[in-house]
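Residue numbers (numbering that gives the first Met the number 0), protein chains in the order written: chain A, 0 to 412; chain B, 0 to 412; chain C, 0 to 412; chain D, 0 to 412.
There are 4 protein chains.
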Amino acid sequence: MADVSPPKWHLAHVSWFFETFLLGKHWPGYRPFHPDYNYCFNSYYEALGDRHPRPQRGLLSRPTVRDIYAYRQAVDEAMAQLIVQEQGNAAVEALVVLGLHHEQQHQELLLMDIKHILATNPLRPVYRADLAVPDLAAPDLAAPDLAAPGSAAPSAAPAHSSLGYQSFSGGLVEIGLDLGALPLDQFEGFAFDNEGPRHRVYLEDFSLADRLVTNGEYLEFIEAGGYRQPQHWLAEGWAKVQQQGWSAPLYWEQRQGSWWVMTLGGLRVMNPAEPVCHVSGYEADAFARWAGQRLPTEAEWERAASISLGPADFQQGNFVEQDLLHPRPAPGGTGLRQLLGDVWEWTQSSYGPYPGYRPAAGAIGEYNGKFMCNQLVLRGGSCATAHSHIRSSYRNFFPPEARWLFGGIRLAR
Amino acid sequence: MADVSPPKWHLAHVSWFFETFLLGKHWPGYRPFHPDYNYCFNSYYEALGDRHPRPQRGLLSRPTVRDIYAYRQAVDEAMAQLIVQEQGNAAVEALVVLGLHHEQQHQELLLMDIKHILATNPLRPVYRADLAVPDLAAPDLAAPDLAAPGSAAPSAAPAHSSLGYQSFSGGLVEIGLDLGALPLDQFEGFAFDNEGPRHRVYLEDFSLADRLVTNGEYLEFIEAGGYRQPQHWLAEGWAKVQQQGWSAPLYWEQRQGSWWVMTLGGLRVMNPAEPVCHVSGYEADAFARWAGQRLPTEAEWERAASISLGPADFQQGNFVEQDLLHPRPAPGGTGLRQLLGDVWEWTQSSYGPYPGYRPAAGAIGEYNGKFMCNQLVLRGGSCATAHSHIRSSYRNFFPPEARWLFGGIRLAR
Amino acid sequence: MADVSPPKWHLAHVSWFFETFLLGKHWPGYRPFHPDYNYCFNSYYEALGDRHPRPQRGLLSRPTVRDIYAYRQAVDEAMAQLIVQEQGNAAVEALVVLGLHHEQQHQELLLMDIKHILATNPLRPVYRADLAVPDLAAPDLAAPDLAAPGSAAPSAAPAHSSLGYQSFSGGLVEIGLDLGALPLDQFEGFAFDNEGPRHRVYLEDFSLADRLVTNGEYLEFIEAGGYRQPQHWLAEGWAKVQQQGWSAPLYWEQRQGSWWVMTLGGLRVMNPAEPVCHVSGYEADAFARWAGQRLPTEAEWERAASISLGPADFQQGNFVEQDLLHPRPAPGGTGLRQLLGDVWEWTQSSYGPYPGYRPAAGAIGEYNGKFMCNQLVLRGGSCATAHSHIRSSYRNFFPPEARWLFGGIRLAR
Amino acid sequence: MADVSPPKWHLAHVSWFFETFLLGKHWPGYRPFHPDYNYCFNSYYEALGDRHPRPQRGLLSRPTVRDIYAYRQAVDEAMAQLIVQEQGNAAVEALVVLGLHHEQQHQELLLMDIKHILATNPLRPVYRADLAVPDLAAPDLAAPDLAAPGSAAPSAAPAHSSLGYQSFSGGLVEIGLDLGALPLDQFEGFAFDNEGPRHRVYLEDFSLADRLVTNGEYLEFIEAGGYRQPQHWLAEGWAKVQQQGWSAPLYWEQRQGSWWVMTLGGLRVMNPAEPVCHVSGYEADAFARWAGQRLPTEAEWERAASISLGPADFQQGNFVEQDLLHPRPAPGGTGLRQLLGDVWEWTQSSYGPYPGYRPAAGAIGEYNGKFMCNQLVLRGGSCATAHSHIRSSYRNFFPPEARWLFGGIRLAR
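This is the structure in structure tokens:
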């Protein structure tokens, strides 16, 4: 899969980032660790010269993992010195902070890529045999009762229904961040340039489902023929279904008449109570149409999050620190649950610039802006995201056909 | 080119539309003209069964053009009867009106496709030798003075500058149409479902360039190395530049040291005063960045159009009725010019549903909604569009890499 | 299909051949009919400059068929003059003769291509409604009794068996033609350079089947699972079966439980007595292995032909002059039948140069030699070949995956 | 490159061969080491069930190299027992011998693949830093004087010319081996099934160049524009030149104005006295035509070898045991040199069955026969071949476009 990089590439690339943008630019006379590593480990920064073609990343048997750890160590040591030397230099500190957040992103990509590499291996190797498994029994989900197409499900769901909707009033609201007011040179308080500027948007009244769509609900869609009925699908989504032969989420497989899912802990029997995961934006959209609902916009999601979430929610979300590396069933109760962690939530919003957005100058300006085309925004982080990395304003983005991220579905109406 | 259909296919397809949605559904006992024509001439309606694969449309030497004219005549005659019989049946009349607007769309596609077919022929055949040619001398454009990158060009352009900007106040405005209030069963007053519902959006203050970008201005971008500098481009746009070897708009070619452009009247020397045409959305976006500006959003465009345009503007625009089949230089004067006709104006807006949008039921519901992914909105119509087809709310859409439509650039800031 | 050219291309190309190699080189001051036709209608002669890419031949809506007939007429008239002027010029006369044989080859290609174009059209249009149809009843083939795998079928087949084998003694024999001794400037007596030099080869004793393999026999292979069993296939052949989904010869299709074949006279019920046609070299080879036999070598075929055939056989073969445009069942009787006409017979011989072979100098030298790679030789002509075009030494060649030629199977052992 | 497998795959595959064909079939109750390894490490044996797709071999991060060494050890130990148990069982012993020769083939493939993997790595890593380098100075090659196109070079080359030709009389000769007479169950004396049966062929008189074509001579071809002149090339070869941008042998690159070649000992300055290596069959053929000569046939090569070679030649050839892993300049002197070792010699012969050839029954029958299509025969072994593996009758085969084998050129006339 062309989007997947070998693990050692990530290890090297995040060191390359520090070497290139910090050591190379702020350490007079710094000599790169290896003259060809810029060529090997530049991901996409056109301003920094030629680079190894992405689809050939997997072919590099050299440098070895050992070489790369030596590279990391050398860069780490030089960075430790640079940080001391340049203390108080806000420009340097902002780049260091950016580098750390960049590394957090690659930590998640690393898990995504490892999962893909192992899942496409016919041996289905286990990455971590010691992962805790969320309980199969999740009583409050025993009777999934998704609002059927056409039915006007009440926004205050009755007690026996597991999926309710939380209503929000529309109006003129503000989303995004005022980047100028942020301490971008501090790890806490940092945000990416694509999260700003803060700006006004007008929202109609809307409702969000109070939890994520489950495997069990998604199975209903499969069994109802969802993958064989073009009417639920965007045209490009339907073309993908046909070309790729999609008939279930990525990593689902049938063995001896049961559905199994590949996890970082190996193959497990599919748990109907867990949030569905590894669906593309097309599948999320098709499921929502089939269910008579729609995906939220990113503004709706951010509005709901800014009203509903408190600091404790960021601690309790199923982020990478929980060390499950897999989404877990929604907790019991009412109210908006699972907004943070578990799975990235596909929105219907195309990834574009906020009004007044300006990318940073120089190569760093390629970080976000140039990808604002043919991608959808996802919100909320996943079980592979660091909780210190996420914000209500955080905008993740992938092409609508991407499935190897931990992506799932929250319905809106 | 996979998007281009042979002319006879368009001739047959628009008849097929009437046969399928009107005769087949509202004329009891109607027998199709030919049992296989549904397979041959269905464009993309999944609900109507299998269809001939699009890339193979060009391979059908049968039915012949003569056969297809016979088909059109038979359908036309039956439609004439049906219209009389079903007078007053609003559902039928709404479909007839839709069919007419559908045919107008294919009239434009026909011109686009003929141009592409002739322009890729090494003989560069002339489609119409009798077309009038807009005057090469366009004195008010003699000194193109595009705001240079980084310069803070005043929004009220000085007299000697050919490119000015018109300012608009932001705020909460309404765009789109209230479809329920429209007489959708009348040709005048019709709109497509994607133009509604009418809804509120919040706009920041903005300015639009008072005319289209010219060939001469675009040539400055080319000569400044725009096609060789990744920093101006969206990542996917830059990938297209590399893969396709783009170095100028489609249909431009150099012969004996001069630039020529292929038109429906044959090869002509490039006129620097004419609006640039046959650029992709990627090129439009890259040009705007290079010029230190941006593309408008569709809401900005519609807001400006709703304030600025009167009925006379729709008569005077360079639409297909002017029979130039080519954009013409901006008229002299001040104020917003060329909003209508000449070239479709690429916006930065992804094509998506307006809040509350619902596609029609049945196969007709595939008309617009399922394409709301990975496309950009274009506004204003072109020299190949019927003026009776266009509205301020009209939303055209193409993937950002498309170049064979008559697409050009209006700058915004 | 990339190998198929539009009919009008053939019409123009054969005139281009005369214009380029005769008029352009032997008529001082000759001005080409159109400056761009060399670009359009050069097939593969690298020495003659750039040419229109083959896969785009089908996209040229100009020149029209009418233009091309005008071109042919102009070239024909000039050629008539040239032939008179250059009477006795052996070099010119040899090129004229080559041009005529070249045109005969394109007459066959024209039929192959028309058949392919019509057969891939969902309407299955009929090329010639007036073609005679060989009789369905062919009593001597009522009990096909192909030698089963592993069985040691006697080379003198018993009376009740329809498929016999004719034995030939091996030894040192001569094949090919002594080109130097041929009157290459006369239509009769001409041969292509690849048919010489005459040379010695050593043959083991061999037997050839006394007629072609029939549809009925080939159907046994299909029904025995031949297309699902890799053991019969060359590795590249099996790969084609998988990639292309082959499950029967080209132009066979099942409708209402019966097999039909597309012919130039339209769809016909498959006649089990007719020779199987439109099989690739891979299918011919797989069938032969399944039957426990093999394909002949070209030297075996030529040896058998040189012993067995007399002038009358060339008159009586089912060539294009019979105007069936389809193979016909073997006549009754014994002895080698159907060696000429009906279908080209795939051999197991790779197409290569005979010892001492030298291509002609100049562009004409590209006629044959440069294709001597990755092709198999076929022998004997087909129902689409002119009988004046064929010789016992004639070497046709196609890649082993080609199916659109009229190609069939003769077994050997 | 799709033909290249990761080194660990070869390590596992050769063990799989013993496990499958020996342990699995001749050890009652043998349980495979791992149930999925047959799927992973079957190369192309269709009769043995599904297998991992070749292009995805490189994606298997599991089993690890350590796992595979454990697998090898387990298979080796079981094989050691089986060999003792089955002593005297000729069928088993023949399979063991076949397995050993199979492993020798993969030892050469391993070197080819490692070289390709390292050479496409931008770091150009060195496989073996300790390899001896043949001397740059090779005085008898100081004045390469290849017979120019069109010149009638005498077959007894004058003293000052470095490239001479050795003449051989033609006639009816025998080539190939009588397999039935061979002790196929002994390592010495073994031959592959494609080397037989022994049979007669008729040869014209011929001459072979008395040494291999050198880098220096090949450079003349490059500098004379050989890669830009279609007239030297087979049509498919020229297409490859264009598509792949070939302009020199594989592994040649220009740095600071000099030619370098990648070797298993790292980048070295190109030595004009060494045999040219890593040319495709197309390049070998084009070079020969440009030089006015041709490639030998395999029968000519084998005839010359059977006359010229004695047992000592097999010892002295530059085979893998010399541990140069690179071809070396021809020794001084006269007579046929370098027939064995250094580089495989492309012949003009398509790889096909000898008269009377029959593949073995069962899966082993897929070893050779099914590849007899679209490949050329190479003869003589290379610097990466074991000398105990090679015979005068040995037939190697690759598609004419293959370049990653150690393939070079001997001229014939």
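All C-beta atoms, glycine included, are put in the ideal place defined by N, C-alpha and C.
Here the structure is a predicted model, which is why all the values come from computation and not from measurement.
Item to check | Span of the beta strand (DSSP E), counted from its first residue to its last, around M371/D | outcome: Counting along the chain, M371/D falls outside any beta strand (DSSP E), and DSSP gives it neither H nor E.
Item to check | Contacts around A1/B, its chain only, beta-carbon distance under 7 Å, and the 5 residues preceding and following it disregarded | outcome: For A1/B, where only same-chain residues beyond five positions count, the Cβ hits under 7 Å are R53 and P54.
Checklist entry - Grouping DSSP H, G and I as helix and E and B as strand, with all else coil, what is F167/D? => result strand
Checklist entry - Thinking just about the alpha-carbon of each residue, which of P328/D, G316/D, A362/D and E365/D is nearest to the one in R390/D? => result Closest by alpha carbon: G316/D.
Item to check | Proximal chain D residues relative to V278/C, where beta-carbon distance stays under 8 Å | outcome: Chain D residues near V278/C: none, gap ~15 Å exceeds 8 Å.
Next on the checklist: Judging by CA-CA distance, which residue of G224/A, A401/A, V83/A and G407/A is the nearest neighbour of R327/A?
Outcome noted: G407/A
Item to check | Of the residues H325/C, L308/C and A208/C, the one placed nearest G265/C, counting alpha carbons only | outcome: H325/C
Checklist entry - Does DSSP classify V423/D as helix, strand or coil? => result Any question about residue 423/D goes unanswered here, given that chain D covers just 0 to 412.
Checklist entry - List, in order along the chain, the chain D residues whose C-beta lies closer than 8 Å to that of P310/A? => result Within chain D, no residue comes near P310/A; the closest Cβ sits about 40 Å away, beyond 8 Å.
Item to check | Residues that M371/C contacts on chain D, provided the C-beta gap is smaller than 8 Å | outcome: L233
Item to check | For Q347/C, the three-state DSSP class (helix, strand or coil) | outcome: strand
Checklist entry - Anyone know if the C-beta pair for L176/A and E299/A falls short of 9 Å? => result no
Checklist entry - Quick one: what's got a C-beta closer than 6 Å to E85/C's C-beta in the same chain, skipping five residues either side? => result V91
Checklist entry - Looking at C-beta atoms only, is the number of pairs between the region 15-31 of chain D and the region 75-84 of chain D that lie closer than 8 Å three or more? => result yes
Item to check | Cα-Cα separation between L202/A and E173/B, rounded to whole angstroms | outcome: Spanning the two alpha carbons is a distance of roughly 12 Å.
Checklist entry - On the three-state DSSP scale, how would you describe F205/B? => result strand
Checklist entry - Which value, in whole angstroms, describes the spacing of the CA atoms of G291/D and D284/D? => result Cα to Cα, G291/D sits roughly 11 Å from D284/D.
Checklist entry - Is R50/A close to chain B, meaning its C-beta is less than 9 Å from at least one C-beta of that chain? => result no
Next on the checklist: Just to check my reading of the structure: P5/C and R56/C have Cβ atoms closer than 8 Å, yes? What is that Cβ distance to the nearest angstrom?
Outcome noted: 6 Å
Checklist entry - Taking the C-alpha atoms as reference points, what is the distance between N270/D and T384/A? => result Rounded to the nearest angstrom, the two C-alpha atoms are 55 Å apart.
Item to check | When R412/D, I363/D and C382/D are compared against K24/D, the one with the closest alpha-carbon | outcome: Answer by Cα proximity: I363/D.
Checklist entry - In the structure shown, what three-state DSSP assignment does M0/D receive? => result coil
Checklist entry - On the premise that L178/C lies in contact with G195/C, defined as a C-beta separation below 8 Å, what is that separation, rounded to the nearest angstrom? => result 4 Å
Next on the checklist: So R61/C contacts chain B; which residues on that side make the cut at Cβ distance below 8 Å?
Outcome noted: L117, N120, L122 and P124
Next on the checklist: Determine, for Y38/B, whether the minimum Cβ-Cβ distance to residues of chain C falls below 9 Å.
Outcome noted: yes
Item to check | Complete runs of the alpha helix (DSSP H) confined to the region 185-265 of chain D [at least 4 residues] | outcome: 214-222 and 234-243
Item to check | When L81/C, L108/C, R336/C and P274/C are compared against G215/C, the one with the closest alpha-carbon | outcome: P274/C
Item to check | Option nearest G355/B by Cα separation, candidates M261/B, V96/B and N193/B | outcome: It is N193/B.
Checklist entry - In this structure, does DSSP put A158/C in helix, strand or coil? => result Confidence at A158/C is low in this model, with a pLDDT of 31, below 50, so its placement is unreliable and no value can be given for it.
Checklist entry - When you compare each of D209/C, Q72/C and L10/C to A329/C by their alpha carbons, which one comes out closest? => result D209/C
Item to check | Beta carbon of L308/B nearer than 9 Å to that of T346/B | outcome: no
Item to check | According to DSSP, residues forming a beta bridge with R293/A | outcome: A411/A
Checklist entry - Taking only beta-carbon atoms, is G57/C less than 9 Å away from chain B? => result Taking CB atoms only, G57/C has a neighbour in chain B less than 9 Å away.
Item to check | Three-way DSSP call (helix, strand, coil) for G179/D in this model | outcome: helix
Checklist entry - Between L59/D and the rest of its own chain, which residues show a CB-CB distance below 7 Å, the 5 nearest in sequence each way excluded? => result C39
Checklist entry - Within 8 Å: the Cβ of A69/C and any heavy atom of the ligand HEM? => result For the ligand HEM, the structure offers nothing, since it holds no ligand at all.
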